[in-house]
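Asker: Have a look at this one before I ask anything.
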Amino acid sequence: MASQGYTSLLDCNSFDSPRNGLFYGLPAAVFTEHVASWGGASSESQSRLRHTAQVKLTSAKRHAEMGQLFIGDYDLVQGAAGYVIALATVDPAVPELRELLEFLISIASADAADFRNCGWHVFHPQNPFDEAAWAYGGHTSLGMAHGVAGLIAAMSITLLAGVAIPRQRQVIDRLTTYLLEQRRSNQDGDWWPSALDARVLEAGNCSRDDAPLSWCVGVAGNCAAIDLAGHALGDREYSSSAIQIFNSSLRSTSLKQRVLSGGLCHGWAGIVSAAQAISSRNQYPRLGKAALISAGPRPSWRDVDEAELCSLDLALDLIGSRFDASGCVYSAGGAWTRAMAIG
């Protein structure tokens, strides 16, 4: 019955749209159909998902060979990393999943000395409409939605699910080390720029104008990816680092003041969701509690069982009407955290 609600999306003529991905178009519809239906996505929907994945992969490979890689070729929102999450959820046995993982590994070279030499570097600026930014030499994104954290998370989630291909573990390890190396620190705590370009490198540690706490391009998403890598590789040090960095950022008044919405992508719902996911995996409820407290005045914590603070549903109840918990369709069957690549 649930699949009937997606008929208009599945029957549309946008199977080959470059915008198709985990958060848009047919793949998003099939993902949602799968997690919202008792029997999962229909065989027809699965076939169409595989077709769009192959279209995305062919286009991404062509752009990579030309040295003209786009964010949407590889990222979590529209690119290969998002398709990895979708296929791993809907049907992890299909060959397209392994082909997409192979592509992610092929662009996973990391160079701490020069952001232009990283395999996922793109030729265009973060804001293509900023004419001056075209002089920065493109950019290399670090965050969950569009950058290396999303690559780490997608490969770690599949490894935890038992899907492994050659070099996957080594690449996860190398990229996680690279992401930690790009962390900035000062008296307020630890943070990351959302991406590296010539302007960010000139600013160095002096500027925090581009250091959000958010899930999409900031500390919350990056720490979730680092923690997932720790569990996938059996490296407790990575998970400990993720918890320490997240805790540090939640103590930073300047970072928290930059959170201006309650949504999943840029706001407190995403930050709390990431903290709760890390708390649950590591049986460390204090991080989830710290995120909830940071989100704003809540009911007395004496009335809340601390063990329950690992519950995402409780987090959303506590956030309440003050924040926009948009995207809750993904809460079914843990799909919310899966779509965000945090768990």
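Just so we're aligned: 283 in my numbering is position 283 of the sequence shown, and the numbers increase by one with no gaps anywhere.
Note that the Cβ used here is the ideal one computed from N, Cα and C, for glycine as well.
Note that the structure is predicted; figures quoted are calculated from it, not measured.
Tell me L180's beta-bridge partners as DSSP assigns them.
Answerer: L180 pairs with nothing; no bridge assigned.
Asker: Identify every run of the alpha helix (DSSP H) within the region 65–128, keeping only runs that are complete inside it and at least 4 residues long; order them along the chain.
Answerer: With a minimum length of 4 residues, the continuous alpha helix (DSSP H) runs that stay inside the region 65–128 are 71–74, 80–90, 95–106.
Asker: Using the beta-carbon count (16 or more within 10 Å), is P27 buried or exposed?
Answerer: Flag for P27 reads buried.
Asker: Let me know if D190 comes out buried or exposed under the rule of 16 or more other beta-carbons within 10 Å of its beta-carbon.
Answerer: Buried is the call here.
Asker: Name the two residues that bound the continuous alpha helix (DSSP H) containing D227.
Answerer: Here the alpha helix (DSSP H) through D227 covers 219–233.
Asker: So A153 and A341 are supposed to be a Cβ contact under 8 angstroms. How far apart are they, rounded?
Answerer: Confirmed, Cβ separation roughly 4 angstroms.
Asker: From this set, A195, S249, S241, which residue's C-alpha is nearest Q187's C-alpha?
Answerer: Of the candidates A195, S249, S241, the one whose C-alpha sits nearest the C-alpha of Q187 is S249.
Asker: Just to confirm, are A53 and L100 a CB contact at a threshold of 8 angstroms?
Answerer: Against a cut-off of 8 angstroms, the Cβ pair of L100 and A53 comes out as a contact.
Asker: Quickly, what does DSSP pair L196 with across the bridge? List them, please.
Answerer: BP columns for L196 point to T140.
Asker: Within a Cβ cutoff of 8 angstroms, which residues of the same chain sit near C265, ignoring the five residues on either side of it in sequence?
Answerer: Counting only Cβ-Cβ distances below 8 angstroms, and skipping sequence neighbours, we find A145, S214, W215, C216.
Asker: Just how far apart, CA to CA, sit L201 and P193?
Answerer: L201 and P193: Cα-Cα distance of roughly 10 angstroms.
Asker: Out of curiosity, what's the CA-to-CA distance linking P18 and L57?
Answerer: One C-alpha to the other measures close to 11 angstroms.
Asker: In three-state DSSP terms, what is W215?
Answerer: Note: W215 maps to coil in three-state DSSP.
Asker: When DSSP labels each residue in this structure, what does Y24 get in the three-state scheme?
Answerer: Correct three-state label for Y24: strand.
Asker: Of all the options Q257, L175, S252, H231, which has the alpha carbon lying nearest to the alpha carbon of V280?
Answerer: What sits at residue 280 in the sequence shown is Ser, not Val. Nearest of Q257, L175, S252, H231 to S280, Cα basis: H231.
Asker: Looking at the unbroken alpha helix (DSSP H) that takes in G262, where does it start and where does it end?
Answerer: Premise fails: G262 is in no alpha helix (DSSP H) and is neither H nor E.
Asker: Just to confirm, are H124 and T140 a CB contact at a threshold of 8 angstroms?
Answerer: Taking 8 angstroms as the Cβ cut-off, H124 and T140 do not qualify as a contacting pair.
Asker: Spatial neighbours of G138 within its chain, please: C-beta separation below 8 angstroms, excluding the five flanking residues on both sides.
Answerer: Once the five neighbours on either side are set aside, the close Cβ partners of G138 are R116, H121, V122, F123, H124, P125, D197.
Asker: In angstroms, rounded to a whole number, what distance separates the CA positions of V259 and L160?
Answerer: Roughly 31 angstroms between the two C-alpha positions.
Asker: If you follow the alpha helix (DSSP H) that G288 is part of, which residue opens it and which one closes it?
Answerer: Note, G288: alpha helix (DSSP H), 285–295.
Asker: Any idea if D16 is buried or exposed, counting beta-carbon neighbours within 10 angstroms, 16 or more meaning buried?
Answerer: Counting Cβ neighbours within 10 Å, D16 comes out exposed, since fewer than 16 surround it.
Asker: Which same chain residues end up closer than 6 angstroms to F275 when comparing Cβ atoms and leaving out the 5 residues on each side of it in sequence?
Answerer: It should be noted that the sequence gives Ala, not Phe, for residue 275. Hits under 6 angstroms: L287, G288, A291.
Asker: From the DSSP output, read off the bridge partner residues of G189.
Answerer: N186.
Asker: Inspect the beta-carbon positions of G82 and F23 and report whether they are closer than 8 angstroms.
Answerer: A contact, by the Cβ cut-off of 8 angstroms.
Asker: Could you say which of A229, D235, N222, G262 lies nearest to N247 if we only look at CA atoms?
Answerer: When only C-alpha atoms are compared, the closest one is N222.
Asker: Y74 CB to nearest chain C CB: under 8 angstroms?
Answerer: Here there is only one protein chain, and chain C is not present.
Asker: To which residues of the same chain is G40 closer than 6 angstroms at the C-beta, ignoring the five residues directly before and after it?
Answerer: Result list for G40: H34, in chain order.
Asker: Are the CB atoms of L142 and A195 within a distance shorter than 8 angstroms?
Answerer: Contact flag set, yes.
Asker: Let's test the definition: count the other Cβ atoms within 10 Å of the Cβ of D227 and tell me whether it reaches 16, buried, or not, exposed.
Answerer: Classification of D227: buried, given that the 10 Å Cβ count is 16 or more.
Asker: Could you tell me how far apart the beta carbons of A277 and G218 are, in whole angstroms, since I believe they sit closer than 8 angstroms?
Answerer: Not confirmed; about 15 angstroms, so no contact.
Asker: Cα separation between D130 and T176?
Answerer: One C-alpha to the other measures close to 30 angstroms.
Asker: Quick check: what's the CA-CA separation for L104 versus Y74?
Answerer: Approximately 7 angstroms, taken between the alpha carbons.
Asker: If contacts are defined as beta-carbon pairs under 8 angstroms, then I243 and Y284 qualify, I think. What distance do you get, rounded to the angstrom?
Answerer: That pair is a contact at about 6 angstroms.
Asker: Which value, in whole angstroms, describes the spacing of the CA atoms of F31 and G150?
Answerer: Using only the alpha carbons, I get a separation of about 18 angstroms.
Asker: Could you tell me the distance, in whole angstroms, from the CA atom of W268 to the CA atom of T253?
Answerer: Going from the Cα of W268 to the Cα of T253 covers about 14 angstroms.
Asker: Using CA atoms only, rank isn't needed, just tell me which of L233, S47, A108 is closest to L87.
Answerer: For the residues L233, S47, A108, the minimum Cα distance to L87 belongs to S47.
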